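In what follows, a structure is listed as structure tokens, so that the remarks can point back to it.
Here you go:
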């Protein structure tokens with residue numbers, strides 16, 4: 135039941151993303167962005183069923199990509215334990231999250247055709263390979279090999295990415311950056327006339343709080359999927375890992391809260407210095423929560439609460455600086471998905487390799503006797519192998535996801551299938567694509 139409850143919480147995050155995005159787009163694109171959020175889950179379920187899960191979690195002699203369990207047809211799904219079905223559901227909810235990260239960044243100007251293409255490619259192939267490499271039972275960077283021989287693990291450790299700062303969030307963030315780069319900025323972004331609806335702050339804040347709530351399933355559910363599932367677990371119940379589960383949720387909470395406060399404080403100070411008056415922005419608090427959550431997702435099981443606090447402060451700095459950087463180079467990211475998920479996701483993987491303590495590593499991973507002495511965080515006596523694995527893994531995600539997304543979005547642009555016409559963008563996609571005859575306010 136633990137994993138299924140976690141899956142339900144992660145799936146609820148789709149509602150959070152939908153609310154956050156609908157609060158960030160012009161009212162004339164409301165139905166379009168909501169439809170894409172529904173399709174993220176719907177298209178994602180079918181593609182994950184037919185292809186994605188097999189590539190992600192199937193047997194992988196190559197250590198790169200799975201080649202079994204397609205279409206839920208393997209005998210493993212009928213073993214009576216429910217493990218295989220539960221893991222399929224849990225990972226489907228994660229896959230849908232990855233696609234949703236992209237839809238928020240490129241909102242208000244991407245065609246429905248391009249949306250369907252990138253969703254299918256991302257959920258069906260690009261993301262599953264990252265999952266296999268980072269979490270798979272024989273993945274190249276995975277710590278979940280079930281082997282007692284340290285030589286089987288990349289740099290004797292594998293990567294510490296417990297719930298997916300890199301696997302999920304950085305993958306989505308890199309894809310979002312490439313998509314936003316190729317599709318180009320909105321006309322309103324260039325002209326400085328972005329029109330956020332009057333109800334925007336309501337939905338943005340509601341979405342943020344729903345995402346925070348769902349994140350307890352994201353991080354907490356990964357305990358069963360990771361350690362318990364890959365070390366002989368045979369039921370859907372988590373037994374004997376209550377302390378680990380509670381600690382994961384504590385570190386998740388502290389990093390989120392610290393991220394919000396640090397982003398609000400630091401952002402307000404810089405705005406006050408530049409504008410000559412005190413400015414306190416709601417957006418800083420909301421995005422700070424998300425930055426803190428993404429930043430601690432990799433290390434939530436291996437860091438101490440004070441480590442989570444430090445990670446939250448760092449995530450605020452990463453978010454603020456990367457958000458300003460994107461604007462400086464002219465990349466229009468509607469919901470700041472790239473700073474929150476891409477940059478903070480990369481940051482989170484590195485922080486796990488620095489702040490993971492030996493005792494926490496042994497409790498959460500314990501992949502072979504004495505592994506904590508080699509694989510714990512560099513700041514806590516680890517040998518540095520974990521940091522090396524983390525750096526190599528984030529470079530892999532950057533090259534793999536960035537390269538394939540460049541090919542995909544570049545091809546769509548070359549075929550003139552990526553962006554809607556200037557007339558459609560001006561009129562709004564609700565009218566041109568969804569049969570709305572006039573601008574309407576959902577409230």
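Residue numbers (the working numbering): 135 to 577.
Beta carbons: idealized from backbone N, C-alpha and C, even for Gly.
Nothing here was measured: the structure is a model prediction, and the numbers come from that model.
Boundaries of the alpha helix (DSSP H) around residue 321: 321 to 325. For residue 430, the secondary structure class from DSSP, reduced to helix, strand or coil, is helix. Assigned with DSSP and collapsed to three states, residue 165 falls in helix.
The Cβ atoms of residue 289 and residue 449 do not sit closer than 8 Å to each other.
Taking the Cα positions, residue 178 is about 7 Å away from residue 254. In the DSSP assignment, residue 244 is bridged to 553. For residue 149, the CB contacts under 7 Å within the same chain, skipping 5 residues up- and downstream, are 344 in chain order. Buried is the label assigned to residue 473, since at least 16 other Cβ atoms lie within 10 Å of its Cβ. In the DSSP assignment, residue 152 falls within the alpha helix (DSSP H) that extends over 136 to 156. Counting the other CB atoms within 10 Å of its CB gives residue 266 a total of 16 or more, which places it among the buried residues. Here residue 502 carries a coil assignment [DSSP, helix/strand/coil]. Look at residue 233 here: in three-state DSSP terms it is helix. For residue 207, the secondary structure class from DSSP, reduced to helix, strand or coil, is coil. Annotated three-state conformation of residue 412 is coil, per DSSP. Nearest in C-alpha terms to residue 484, of all of 235, 166, 304, is 304.
Look at residue 526 here: in three-state DSSP terms it is helix.
If you look at residue 462, you'll find it in the alpha helix (DSSP H) that goes 439 to 462. Put simply, the backbone Cα of residue 246 is about 21 Å away from that of residue 186. CA-CA distance, residue 224 to residue 151, rounds to 17 Å. Annotation: residue 431 to residue 139 spans about 18 Å, alpha carbon to alpha carbon. The beta carbon of residue 322 sits closer than 6 Å to the beta carbons of 328 from its chain, once the five residues preceding and following it are set aside; these are given in chain order.
Annotation for residue 377: no residue places its beta carbon closer than 7 Å to its own, counting only its chain and skipping 5 residues before and after. In this chain, the alpha helix (DSSP H) harbouring residue 356 covers 334 to 357. Inter-residue distance for residue 190 and residue 548 is about 30 Å (C-alpha atoms, whole angstroms). Residue environment: residue 543 is assigned as buried (16 or more neighbouring CB atoms within 10 Å of its CB, all protein chains considered). Comparing alpha-carbon positions, the option among 445, 180, 263, 227 lying closest to residue 538 turns out to be 263. Spatial neighbours of residue 279 in its own chain (CB-CB distance under 6 Å, excluding positions within 5 residues in sequence) are listed in chain order as 286. Exposed is the label assigned to residue 325, since fewer than 16 other Cβ atoms lie within 10 Å of its Cβ. From the listed residues 554, 417, 275, the smallest Cα separation to residue 400 is found for 417. About 58 Å separates the CB atoms of residue 284 and residue 556; that is not less than 8 Å, and the two are not in contact. Contact annotation: the region 453 to 463 does not touch the region 495 to 515, with fewer than three C-beta pairs closer than 8 Å.
Across the structure, residue 319 and residue 550 are spaced so that their CA atoms are roughly 16 Å apart.
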